[in-house]
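Chemist: Numbering (UniProt numbering), first residue to last: 1 to 80. Pasting in a structure now, in structure tokens, and then I'll have a few things to ask.
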């Protein structure tokens, strides 16, 4: 599910204690109407990742389902 108006910090707080591969969709803070994917994956650099927002134009080229299917590190939809 798309959580809606959740900022990066709130996404971090929601995902921080979840298993690696847990993700959520949220509206972008920086791109009006954009949807971004935030996910948990521990690495030496960081443990929360965010994709560049997808826009309506992006979805007219390729669907959200297809884009999610390409990202094999997205395993669990938040909240579980």
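Note that beta-carbon positions come from the ideal geometry of N, C-alpha and C, so glycine has one too.
1) Using C-beta distances below 8 Å, list every residue in its chain close to residue 74, excluding the 5 sequence neighbours before and after it, in chain order.
2) What residues match up with residue 38 in a beta bridge as DSSP calls it?
3) Is residue 32 buried or exposed, if buried means 16 or more other CB atoms sit within 10 Å of its CB?
4) For residue 78, which residues in the same chain have their Cβ closer than 6 Å to its Cβ, ignoring the five residues on either side in sequence?
5) Apart from the five residues on each side of it in sequence, which residues of its chain come closer than 7 Å, Cβ to Cβ, to residue 12?
6) Quick check: the Cα distance between residue 10 and residue 26, rounded to an integer number of angstroms?
Modeler: For this structure:
1) 21, 23, 37, 39, 68
2) 24, 50
3) exposed
4) 22, 24
5) 48
6) Going by the C-alpha atoms only, they are around 10 Å apart.
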